[in-house]
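Peer 1:
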Amino acid sequence: MTSEIPSRKKIRQKIRQLRHNLTPQQQQSAAEQVLNRLTQHPKIQAARHISLFISFDGEINTRPIVEAFWQQKKYVYLPVLHPFSRGNLLFLHYTPQTTMVAHPFGLVEPKLDVRHVLPVAELDVIITPMVAFDTRGHRLGMGGGYYDRTLEHWQRNQTYPIGIAHDCQRVDLLPSEDWDIPLPEIITPSQSWKW
């Protein structure tokens, strides 16, 4: 890592502030554009089991995406922190009837019910959140490494990860470590980035 690349902490602070500065109209427009790109994406059109996330902290609003997927009769899954395997995620089937619970990080997630867990390898697409991304496909998350661990072996199965972000979340270069998993594709309101 060179001194020219800002620290992960500084990048997180800067990008989160940029997201918070977006107006409600900009947020709505961004969500509509990302939804349009996703629903036209061949991997999404072919998918039956898709993992999403409940947006917070100025992220792209995923509520319209969830509802569109439900209308298309797709099975939607949300991540929850694994209760016994620290640092790992489980993916629970999410419906309008799913009971949601508050999470210590300020998130909401489905109440854990093992009957609704789908193994990662059975997901067709995992739509990932991020704080920032760079022009090489590296993503910067909140710092827990949850998605890096989840996506570590994504090429071995049929699961395809797609990141979604605002245009303002792109930076030229992120500091990266050996354990960081670059994404094959990131969708923003203005374009789809593929590597």
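With the first letter of the sequence shown counted as 1, position 118 gets the number 118 in the UniProt record's numbering; the numbers rise by one all the way through.
The beta-carbon is built from N, C-alpha and C at its ideal position, and this holds for glycine as well.
Note that the structure is a prediction, hence the values are computed from the model and not measured.
(1) Should M130 be labelled buried (16 or more other beta-carbon atoms within 10 Å of its own) or exposed?
(2) Any idea what DSSP makes of D134, helix, strand or coil?
(3) Please state whether DSSP places E32 in a helix, a strand or coil.
(4) Using only the alpha-carbon positions, how far apart do D180 and D113 sit?
(5) In the DSSP assignment, what residue or residues form a beta bridge with Y75?
(6) By the DSSP assignment, the beta strand (DSSP E) with H82 in it spans what residues?
(7) So which of A68, I11 and V80 has the shortest CA-CA distance to T99?
(8) Is L78 near F53, with beta carbons less than 9 Å apart?
(9) My understanding is that L140 touches R12, with C-beta atoms under 8 Å, so please give their C-beta distance in whole angstroms.
(10) Quick check on P161: does DSSP put it in helix, strand or coil?
(11) Output yes or no for whether 9 Å exceeds the beta carbon distance between H166 and L18.
(12) Taking C-beta to C-beta, are I60 and V171 nearer than 9 Å?
(13) Going by the C-beta, is T128 closer than 8 Å to any heavy atom of the ligand MG?
(14) Quick check on DSSP: helix, strand or coil for L89?
(15) For D148, which residues in the same chain have their Cβ closer than 7 Å to its Cβ, ignoring the five residues on either side in sequence?
(16) In its own chain, which residues sit with a C-beta less than 8 Å from the C-beta of W195, not counting the 5 before and 5 after it?
(17) Shortest alpha-carbon distance to L118 belongs to which of V101, Y94, I65 and L107?
Peer 2: In terms of the structure at hand:
(1) Locating residue 130 in the sequence shown gives position 130, counting from the first residue. The residue in question, M130, is buried, as its Cβ has 16 or more Cβ neighbours within 10 Å.
(2) Residue 134 sits at position 134 when you count from the first residue of the sequence shown. Three-state result, D134: strand.
(3) In the sequence shown, counting from the first residue as 1, residue 32 sits at position 32. Note: E32 maps to helix in three-state DSSP.
(4) Locating residue 180 in the sequence shown gives position 180, where the first residue counts as 1. Locating residue 113 in the sequence shown gives position 113, where the first residue counts as 1. Straight-line Cα distance between these residues: approximately 30 Å.
(5) What you label residue 75 is simply residue 75 of the sequence shown in a count that begins at 1. Answer by DSSP bridge pairing, in chain order: H49.
(6) Counting from 1 along the sequence shown, the entry for residue 82 is found at position 82. First-last for H82: undefined, no H or E at that position.
(7) Locating residue 99 in the sequence shown gives position 99, counting from the first residue. Among A68, I11 and V80, the Cα nearest to that of T99 is on V80.
(8) Here residue 78 refers to the residue found at position 78 when the sequence shown is read from its first residue. Here residue 53 refers to the residue found at position 53 when the sequence shown is read from its first residue. In contact: L78 and F53 (Cβ atoms closer than 9 Å).
(9) For the purposes of this step, residue 140 is identified with residue 140 of the sequence shown, where counting begins at 1. For the purposes of this step, residue 12 is identified with residue 12 of the sequence shown, where counting begins at 1. With a Cβ gap of about 7 Å, L140 and R12 count as contacting.
(10) Taking the first residue of the sequence shown as position 1, residue 161 is located at position 161. Annotated three-state conformation of P161 is strand, per DSSP.
(11) As a working mapping, residue 166 is identified with position 166 in the sequence shown. As a working mapping, residue 18 is identified with position 18 in the sequence shown. Yes, the pair counts as a contact, with Cβ atoms nearer than the cut-off.
(12) For the purposes of this step, residue 60 is taken as the residue at position 60 of the sequence shown. For the purposes of this step, residue 171 is taken as the residue at position 171 of the sequence shown. Not a contact, by the Cβ cut-off of 9 Å.
(13) The model on display carries no ligand, and the ligand MG is accordingly not part of it.
(14) Looking up residue 89 in the sequence shown gives position 89. Correct three-state label for L89: strand.
(15) The residue given as residue 148 occupies position 148 in the sequence shown. For D148, where only same-chain residues beyond five positions count, the Cβ hits under 7 Å are W179, D180 and I181.
(16) In the sequence shown, counting from the first residue as 1, residue 195 sits at position 195. Shown here for W195: same chain residues with a beta carbon closer than 8 Å to its own, the five before and five after excluded, namely R136, G137, P182, L183, P184 and E185 in chain order.
(17) Taking the first residue of the sequence shown as 1, we reach residue 118 at position 118. Comparing Cα positions, the closest option is Y94.
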